[in-house]
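Participant: Next up is a structure, given as structure tokens.
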């Protein structure tokens, strides 16, 4: 079923000579499929097709786009077991994760379809005319959100389904009315091709314009660079490292016409463990965190990589419990041998820093490419002195910082880079006393969690997956949940426009029955 | 009343040695006041104070912030006539414009106060917990908008009131909960100081934290550069030229932590004149456009600088009518002698291009610094060949492009840079036939106008003042209207947070009675 080719719109093409393969980390061997990188001409063709598709795709109704997204979900499910097998062979993830993540991808597509069917997401805002206003008449003004244009999506390594070919970025961009060109992630190109085939089938079945979706293969940075610099591309979605994301942001900012890049990048997701909570529940929290740190071999953006607490008997107990729990968990296979090597290197680097000691590490034998979960420890004083200790190690790793007191704890939080999440583990009674900690944390994060773990990112309207730089490149948007659509749209105002030529969303009698703000009041009613 | 000093929070300081003066273009002389530029230490102090103020200002309730904004409006009005005299002496604008623009500034401040008092603008979104959901429980998630941090506002030359010290950028940033540091525009520093004094008085009367507002004077680019590069600054608002705005965007993008810049820059605001409309109403439209082109000496971002039409008898008639109307209007004083010189230079440059001829120009004598309104003409073919013809000339100027046919007209629209506005002058009947023109225009603009003029930017929720680059640096936001607040905020999610520690906007019983999205339904009801 794998052709090894690029989807330029619905056409499978492989005019190039450069090829790449993927890797099976479980078997520690190269996969058999050979993928051909997109040529300059193929890249050009995909972008031109996307731009051409935009002129008709942006006019599709919400219902038409919803049918398209639901059809994508259906076609992905129709790929059945074969897709799951492909996913496992290119990620090292177990079957259960494959099924779970497919469910998440399908759920995301359908949640955007629900949003489109309901229709109010366009934020229609109407101020009707007041012809006799003094000193000047008030004109009729009506505003709604419209799509930006062709969007480039960079697949992520750690979510071959939910944040790649038909993942959240693609689903939200297609929902907004923007055509999408995916740069397939080099670790799971076969999985990407299969998912792309489902999108193409869905586009054909629902009569979407040719070029509404393309899927390109590229080995080095050339493909990504060409796409981000292309004048017809109007936005970029990325999930990955800080260096990769920043490079794209810089490229986009340097264009003659700068374009928005939403890059979801690094995060160590600080967790503050307050003393009362550890006193009452140290075993429970140690078990929860051992689980969260090792979930999916720690390869989550929201992995808790930094545990902060004030020194004392409670913390000592927690440390003992965490050690026991961590050492008991069976390590998992990482996404790639290079990831596993980077993980080991990252730990070694941290361990070599002044004042850092090892708290816990899985002690048994592990297979190649498996990540041995590790907890290190350092004093608050040393942590404050050494910025490198606050950088992410991607994998099942966390560093425990033993603070002198709460003043130092807050100092550390204030010095942290922007984060996706911040967690407080606390008894409800004691929380009032620690308001200063909460306010400090709130300033640095996109999501505040009370008595839980940061892993497990719910897909819903109230989710914020993003945060102050470098957690994401623009903290004003989210990468997860239906509000992710707002990254790819801009408002357009119509002044004194004839009613029958207005988009349905803005017409007087509100034919779509959406919630609109009319003269500063939210209403389903019509206007005139 | 003018001290010539900087407001570092509430303190008037002038520790520096460099001074600047402003210019009275009506009298063609330097104004008497001497203003001292802010020193490096004063800049540092203003930013540090703003950052300190942020910790308490962001906790202010909507009502408290509304009181502050209303107090600013009151204090500005309390400055009375003296402020209007100051404004006129530093802008060359007549008294009527001063009063009108003051009204706009006051109206903007009060409209944000109304928005804050109502409170729903924070887009509270709640998804309640489902503890027994399979395979995993759903956590309680609640999201709302929170302020970014200290914002730097660059005053504009052409709106000393409405887009400067207490203009739309300042009002929206203060409404969002962000402290503001204004870089006073060098053409009207005295006006800026007076308005700043009103803001400081209002802050003191309503118990706002010291440093919530500062007003700095700077001659060259040093002040602006220092502010945009400062690590504690979290966003920038700018109104001005493309080169100035782009320079700030580049600086902000190159920071270790890039920050959002909303720059409202250049626009020629294309106007498409369809033949039936010219046939029926050429005199009416010629008069309207002569008025719009010369309004405020053409010194508006939405000045119609590009008139597009297909050649023919109707266009010839319009040209004759426009010439008559343009030549009758008395020229007005421009903002500064340098502006007037740039205006003349701009016209001369355009006139020297191949195929360009003069249609109309005011023929009488004019005083120094007055702008002689001018209309040039060129064929569609030459216009397409010469990109420089599409660039803005700031002042009472427009270029009429005589297109061969509608195909060429659409080609021209597609080649245009992003624009604030696009206008169609048309009989309603003929509009259906010209859908392709509308769709082309829609792609290039932030606001589409039917049978009107682009000047006159209504301040309301449905206004979009912004547009594809370079009309603005980020087409996803507006600079005018209450939605301008969304430039300075980011969403923050709370997961499983104790109800009594949540912000009031997210608490179960909806104490503020704001519209919230609860489990995907808009409601005023509480939840649990």
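Residue numbers (UniProt numbering), protein chains in the order written: chain R, 1 to 528; chain P, 1 to 528.
We treat Cβ as the ideally placed atom computed from N, Cα and C, and that holds for glycine.
None of these values were measured; they are calculated from a predicted model.
1) Quick check: is the beta carbon of residue 456(P) nearer than 8 Å to any beta carbon in chain R?
2) So, is the C-beta of residue 469(R) closer than 8 Å to a C-beta in chain P?
3) Determine, using beta carbons only, whether residue 289(P) comes closer than 8 Å to chain R.
4) Between the segment 38-50 of chain P and the segment 5-23 of chain P, do at least 3 Cβ pairs fall closer than 8 Å?
5) Which residues, in chain order, does the segment 110-131 of chain P contribute to contact with chain R at a C-beta distance below 7 Å?
6) Taking any Cβ of chain B, which residues in the segment 27-57 of chain P have a Cβ under 9 Å from it, in chain order?
7) List the endpoints of the continuous alpha helix (DSSP H) containing residue 189(P).
8) Here's a check: name, in chain order, each residue in its chain whose Cβ is nearer than 6 Å to the Cβ of residue 115(R), leaving out the five neighbours to either side.
9) Give me the DSSP bridge partner(s) of residue 370(P).
10) On a CA-only basis, which of 419(R), 515(R), 187(R) and 391(R) is nearest residue 157(R)? Give me that one, please.
11) Could you spell out where the alpha helix (DSSP H) holding residue 66(P) opens and where it closes?
12) Under 8 Å between C-beta atoms, does residue 463(P) make it to chain R?
13) At a CB distance below 8 Å, what residues from the segment 136-148 of chain P approach chain R? Give them in sequence order.
14) Any C-beta of chain R within less than 8 Å: which residues of the segment 495-522 of chain P qualify?
15) Going by DSSP in three states, residue 165(P) sits in which element: helix, strand or coil?
16) Tell me, please, whether the CB atom of residue 473(P) is closer than 8 Å to any CB atom in chain R?
17) Can you name the start and end residues of the alpha helix (DSSP H) that residue 45(R) belongs to?
18) Quick one: what's got a C-beta closer than 6 Å to residue 237(P)'s C-beta in the same chain, skipping five residues either side?
19) Indicate whether at least one CB of chain P lies closer than 8 Å to the CB of residue 267(R).
20) Is it the case that the segment 59-76 of chain R contacts the segment 191-208 of chain R, given that we only count it when at least three CB pairs across the two stretches are under 8 Å?
21) Indicate whether residue 165(R) and residue 155(R) have their beta-carbon atoms separated by less than 8 Å.
22) Helix, strand or coil, according to DSSP, for residue 133(P) in the structure here?
23) Around the C-beta of residue 221(P), are 16 or more other C-beta atoms found within 10 angstroms, so that it is buried, or is it exposed?
24) Taking only runs that begin and end inside the segment 234-265 of chain R, name each unbroken alpha helix (DSSP H) of 4 or more residues, in chain order.
25) Is DSSP giving residue 128(R) helix, strand or coil here?
26) Residue 476(P) CB to nearest chain R CB: under 8 Å?
27) Tell me which residue opens and which closes the alpha helix (DSSP H) that residue 494(R) is part of.
28) Go through its chain and collect everything with a Cβ distance to residue 310(P)'s Cβ below 7 Å, but skip five positions before and after it.
29) Does any CB atom of chain R fall closer than 8 Å to the CB of residue 253(P)?
30) My parser needs the alpha helix (DSSP H) runs of 4 or more residues fully inside the segment 375-453 of chain R; what are they?
31) Below 8 Å between beta carbons: does that hold for residue 496(P) and residue 103(R)?
32) Could you give the residue range of the alpha helix (DSSP H) that holds residue 521(P)?
33) Does any residue of chain P have a CB that is nearer than 8 Å to the CB of residue 228(R)?
34) Three-state secondary structure (DSSP) at residue 473(P)?
35) So, for residue 486(P): in the same chain, excluding its five sequence neighbours on each side, which residues have a beta-carbon less than 7 Å away from its beta-carbon?
36) Residue 298(R): which of 342(R), 507(R), 258(R) and 396(R) sits nearest, CA to CA?
Facilitator: According to the structure data:
1) In the second chain, the residue the question calls residue 456(P) occupies position 456. So yes, residue 456(P) belongs to the interface.
2) Here residue 469(R) refers to the residue found at position 469 when the first chain is read from its first residue. Yes, residue 469(R) counts as interfacial toward chain P.
3) Locating residue 289(P) in the second chain gives position 289, where the first residue counts as 1. Cβ-Cβ to chain R under 8 Å: no for residue 289(P).
4) yes
5) Hits within the stretch, in order: 125, 126 and 127.
6) Although the question refers to chain B, the structure presented lacks it and instead comprises the protein chains R and P.
7) For this step, residue 189(P) is matched to residue 189 along the second chain. Note, residue 189(P): alpha helix (DSSP H), 189-205.
8) The residue you call residue 115(R) lines up with position 115 of the first chain. 121 and 482, listed in sequence order.
9) The sequence position of residue 370(P) within the second chain is 370, counting from 1. Paired residue(s): 333(P).
10) In the first chain, counting from the first residue as 1, residue 157(R) sits at position 157. Minimum Cα distance to residue 157(R) is reached at 187(R).
11) The count along the second chain starts at 1 and reaches residue 66(P) at position 66. From DSSP, the alpha helix (DSSP H) with residue 66(P) extends over 62-78.
12) If you number the second chain from 1, residue 463(P) lands on position 463. At least one chain R Cβ lies under 8 Å of residue 463(P).
13) 136, 138, 139, 141, 142, 143, 146 and 148
14) 495, 496, 497, 498, 501, 515, 517, 520 and 522
15) The count along the second chain starts at 1 and reaches residue 165(P) at position 165. Residue 165(P): coil per DSSP, three-state reduction.
16) For this step, residue 473(P) is matched to residue 473 along the second chain. Cβ-Cβ to chain R under 8 Å: yes for residue 473(P).
17) Walking along the first chain from the start, residue 45(R) turns up at place 45. First-last of the alpha helix (DSSP H) with residue 45(R): 40-57.
18) The residue given as residue 237(P) occupies position 237 in the second chain. Excluding positions up to five away in sequence, the list reads 153, 169 and 262.
19) Here residue 267(R) refers to the residue found at position 267 of the first chain. Judged by the 8 Å Cβ criterion, residue 267(R) is not in contact with chain P.
20) yes
21) Taking the first residue of the first chain as 1, we reach residue 165(R) at position 165. Taking the first residue of the first chain as 1, we reach residue 155(R) at position 155. Less than 8 Å divides the Cβ of residue 165(R) from the Cβ of residue 155(R).
22) As a position in the second chain, residue 133(P) is number 133, starting the count at 1. DSSP places residue 133(P) in coil when its eight states are reduced to three.
23) Here the question's residue 221(P) lines up with position 221 in the second chain. That one is exposed.
24) 242-254
25) Along the first chain, read from residue 1 onward, the residue named residue 128(R) stands at position 128. Three-state DSSP puts residue 128(R) in coil, outside helix and strand.
26) Here residue 476(P) is taken as the residue at index 476 of the second chain, counted from 1. So yes, residue 476(P) belongs to the interface.
27) The residue given as residue 494(R) occupies position 494 in the first chain. In the DSSP assignment, residue 494(R) falls outside any alpha helix (DSSP H) and lies within the beta strand (DSSP E) extending over 489-495.
28) On the second chain, residue 310(P) is found 310 positions in, with the first residue counted as 1. If we look at residue 310(P) and ignore the five residues flanking it on each side, its Cβ neighbours are 275, 403, 405, 406 and 409.
29) Taking the first residue of the second chain as position 1, residue 253(P) is located at position 253. At least one chain R Cβ lies under 8 Å of residue 253(P).
30) 380-385, 406-415, 428-431 and 435-444
31) Residue 496(P) sits at position 496 when you count from the first residue of the second chain. Residue 103(R) sits at position 103 when you count from the first residue of the first chain. Contact: no.
32) Within the second chain, the letter at position 521 stands for residue 521(P). Where residue 521(P) is concerned, there is no enclosing alpha helix (DSSP H), although the beta strand (DSSP E) it sits in stretches over 521-523.
33) The sequence position of residue 228(R) within the first chain is 228, counting from 1. So no, residue 228(R) is outside the interface.
34) Here residue 473(P) refers to the residue found at position 473 of the second chain. It is coil, neither helix nor strand.
35) Along the second chain, one-based indexing puts residue 486(P) at 486. Scanning its chain for C-beta atoms nearer than 7 Å, with the 5 sequence neighbours on each side dropped, one finds around residue 486(P) the residues 477, in chain order.
36) Counting from 1 along the first chain, the entry for residue 298(R) is found at position 298. Taking only the C-alpha atoms, the option nearest residue 298(R) is 396(R).
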